[in-house]
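To start, the structure itself, in structure tokens.
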Amino acid sequence: MDGARLEKALREMGEVGVTPSGGVNRLALSDADREARGLLVSWFRELNLEIKVDPIGNIFAIRWGHEDSEPVVMGSHIDTVRDAGIYDGALGVLGALEVLRTLDDADVETVKPVAVAVFTNEEGARFQPDMMGSMVFTGKLGVEEAYASRDDDGVTVGQELVRIGYRGEDSLTPSRYLELHVEQGPVLHSTGQKIGVVEGVQGIAWWHGCYEGQANHAGTTPIELRRDALLGASELNVRLRALAEELGRGSVATMGRLRPVPDVINVVPGEAEFTVDFRQYDMELFTEGKRRVESLVREAADRHGLSWSLRQSADAQPVRFDGAMVDLVESKAMSLGLSCTRMPSGAGHDAQFMSYVCPTAMVFVPSIGGRSHCREERTDPRDCENGARVLLGCVLDLSA
Ligand code: GLV
Ligand code: MN
Ligand code: MN
678 MDGARLEKAL REMGEVGVTP SGGVNRLALS DADREARGLL VSWFRELNLE IKVDPIGNIF
738 AIRWGHEDSE PVVMGSHIDT VRDAGIYDGA LGVLGALEVL RTLDDADVET VKPVAVAVFT
798 NEEGARFQPD MMGSMVFTGK LGVEEAYASR DDDGVTVGQE LVRIGYRGED SLTPSRYLEL
858 HVEQGPVLHS TGQKIGVVEG VQGIAWWHGC YEGQANHAGT TPIELRRDAL LGASELNVRL
918 RALAEELGRG SVATMGRLRP VPDVINVVPG EAEFTVDFRQ YDMELFTEGK RRVESLVREA
978 ADRHGLSWSL RQSADAQPVR FDGAMVDLVE SKAMSLGLSC TRMPSGAGHD AQFMSYVCPT
1038 AMVFVPSIGG RSHCREERTD PRDCENGARV LLGCVLDLSA
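Position one of the sequence shown corresponds to residue 678 (this note's numbering), numbered consecutively onward.
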């Protein structure tokens, strides 16, 4: 395995969609996403892989084995949030590419085929829900429903897939799924462990909401007569934090977007659009938390005389990965002499949905300072290589 080659690929991919501030903007199905897909497909072609594209634009690159059987699939995504780093998603895809390059270098012929999957719109930053490609692939979301999802400008997934030339007709049946990813949190870096053996992924619920009150003059409207939509949303935000603390057991709640209308210094905001992201690993507490979030939205509206609307835009249940696959990741890390720890994933991943259709597991490597979904996201090149080595070990076993 060539760690320098992997690092070079990460850097080259990280140039696609880079902004003057140094962050990466490769929103799903944008021009930058198309360019990144093109670069990746050119690398796949150098290895003579068979390329398939399915109806939601997932790309599969297959290295055939002796047997014409269901492939062992490694994968992740290459879309990003706004102003992202270069590792989230890309490490899983390029680590998988490095595994295939290594198999070629060593002239290894596997029994089973080995494939790389590149899933469409994992991030959900432009089109909701997130993990869209793996949801459609695993039958958890209808393709027509996915095509109809609109971005803030009203453009649909269906239109963008056609525009960038990635609405295909192929499909694939995986035998196993493995995803290498940066942890995106503080656990591995702060404890000095090298590999996270991921046992499952927490549930993720998203909502898009809007409060409507009354726009009015900031100087003349007495406090008691106001129906301030932004104040309602601000109070909701504070209460979401308190809810997460009260529920505990790692519950997290985030208002990532808040847009007042008309957004003017001397106008009481008549409208406020907001989003809520709530996550929890325990199924019962996840269900309870979702119910409580929805009550908080209603209660804050009532207190401030607002009308409200709320649309749930994602609802990925907590999952636990296949025990034998998790054990395999752990044993490969240990046999490479890498310290490791079992952990759940706080971030969403395509593996969350792939686990519904085949035995699945994930490999985490440390994120420096636990930073991710920001341009400061970093992972040491040696850790990227370590993760790819674990992936290679697992794939060699599973495809033998
Ligand atoms: C995806 O990256 C998510 O966890 O939001
Ligand atoms: Mn990711
Ligand atoms: Mn992400």
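By construction, the Cβ of each residue, glycine as well, lies at the ideal position given by its N, Cα and C atoms.
Spatial neighbours of residue i in its chain, beta-carbon cut-off 8 Å, leaving aside the 5 residues before and after
| i | result |
| --- | --- |
| Gly766 | Ser753, His754, Ile755, Asp756, Thr757, Glu799, Glu800 and His858 |
| Ala978 | Tyr888, Gly909, Ser984 and Trp985 |
| Met960 | Gly880, Gln994 and Pro995 |
| Arg703 | Val693, Gly694, Ala709, Asp710, Ala713, Ile755, Asp756, Thr757 and Ala761 |
| Gly680 | Pro1058, Arg1059, Cys1061, Glu1062 and Ala1065 |
Of the residues the options, the one placed nearest residue i, counting alpha carbons only
| i | options | result |
| --- | --- | --- |
| Pro732 | Asp847, Phe804 and Gly700 | Asp847 |
| Ala919 | Arg740, Val785, Gly1023 and Val970 | Val970 |
| Asp1027 | Thr1037, Arg1059 and Met1020 | Thr1037 |
| Arg714 | Phe1041, Ile841, Glu684 and Ser746 | Ile841 |
| Pro939 | Val1042, Gly947 and Met960 | Gly947 |
| Leu1069 | Val1040, Ile736 and Glu1053 | Val1040 |
| Ala892 | Gly982, Asp828 and Leu962 | Gly982 |
| Cys1051 | Ser698, Asp784 and Met690 | Ser698 |
| Met1020 | Glu976, Ile872, Val941 and Cys1061 | Ile872 |
| Arg722 | Leu1013, Gly890, Arg740 and Arg853 | Arg740 |
| Glu860 | Glu876, Thr850, Phe951 and Leu849 | Glu876 |
| Val941 | Ala921, Glu912, Asp905 and Arg968 | Asp905 |
N- and C-terminal bounds of the beta strand (DSSP E) containing residue i
| i | result |
| --- | --- |
| Phe721 | It is not in any beta strand (DSSP E) - Phe721 instead sits in the alpha helix (DSSP H) that spans Asp708 to Glu723. |
| Leu987 | Ser984 to Ala993 |
| Arg1048 | Note, Arg1048: premise wrong, no beta strand (DSSP E); not H, not E. |
| Asp954 | Glu948 to Gln957 |
| Gly909 | From DSSP, Gly909 is part of no beta strand (DSSP E) but of the alpha helix (DSSP H) over Ala906 to Leu924. |
| Met1020 | Cys1017 to Ser1022 |
| Leu902 | Run containing Leu902: none; DSSP gives neither H nor E here. |
| Ala1038 | Thr1037 to Val1042 |
| Arg840 | Per DSSP, Arg840 belongs to no beta strand (DSSP E); it is in the alpha helix (DSSP H), Val834 to Ile841. |
| Thr868 | Segment Val864 to Thr868 is the alpha helix (DSSP H) holding Thr868; no beta strand (DSSP E) there. |
| Gly880 | Gly880 to Glu889 |
Proximity test, residue i beta-carbon vs ligand 1 heavy atom, cut-off 7 Å
| i | result |
| --- | --- |
| Asp807 | yes |
Distance cut-off 7 Å: residue i Cβ against heavy atoms of ligand 3
| i | result |
| --- | --- |
| Val929 | no |
| Glu800 | yes |
| Val758 | yes |
| Ala1024 | yes |
| His981 | no |
| His743 | no |
| His1050 | yes |
First through last residue of the alpha helix (DSSP H) which encompasses residue i
| i | result |
| --- | --- |
| Leu768 | Ala767 to Asp782 |
| Arg1055 | Here Arg1055 belongs to no alpha helix (DSSP H), and DSSP marks it neither H nor E. |
| Arg975 | Met960 to Arg980 |
| Gly752 | From DSSP, Gly752 is part of no alpha helix (DSSP H) but of the beta strand (DSSP E) over Val749 to His754. |
| Met678 | Note, Met678: premise wrong, no alpha helix (DSSP H); not H, not E. |
| Leu704 | Here Leu704 belongs to no alpha helix (DSSP H), and DSSP marks it neither H nor E. |
| Lys1009 | Gly1000 to Ser1012 |
Residues near residue i in its chain [Cβ-Cβ closer than 6 Å; skip 5 each side]
| i | result |
| --- | --- |
| Trp883 | Asp954, Ser990 and Ala991 |
| Leu1005 | Cys1071 |
| Arg956 | Gln879, Ile881 and Val929 |
| Val834 | Phe804, Ala823, Tyr824 and Ser826 |
| Ser1032 | Val996 and Phe998 |
| Asn914 | Met932 |
| Arg853 | Val749, Cys1035, Pro1036 and Leu1075 |
| Glu727 | Ile739 |
Nonlocal neighbours in the same chain, by C-beta distance under 7 Å from residue i, ignoring five residues either side
| i | result |
| --- | --- |
| Val813 | Ile733, Val820 and Ala823 |
| Pro863 | Gly1047 |
| Leu907 | Pro937, Pro946 and Ala949 |
| Leu987 | Trp884, Gly886, Glu971 and Val974 |
Any non-hydrogen atom of ligand 4 within 7 Å of residue i CB
| i | result |
| --- | --- |
| Leu704 | Ligand 4 is not among the ligands present in this structure, which contains only ligand 1, ligand 2 and ligand 3. |
What does the shell around ligand 2 hold, if a residue joins when its beta-carbon is under 5 Å from any heavy atom? Counting every residue whose Cβ lies closer than 5 Å to a heavy atom of ligand 2, we get Asp765 and Gly766.
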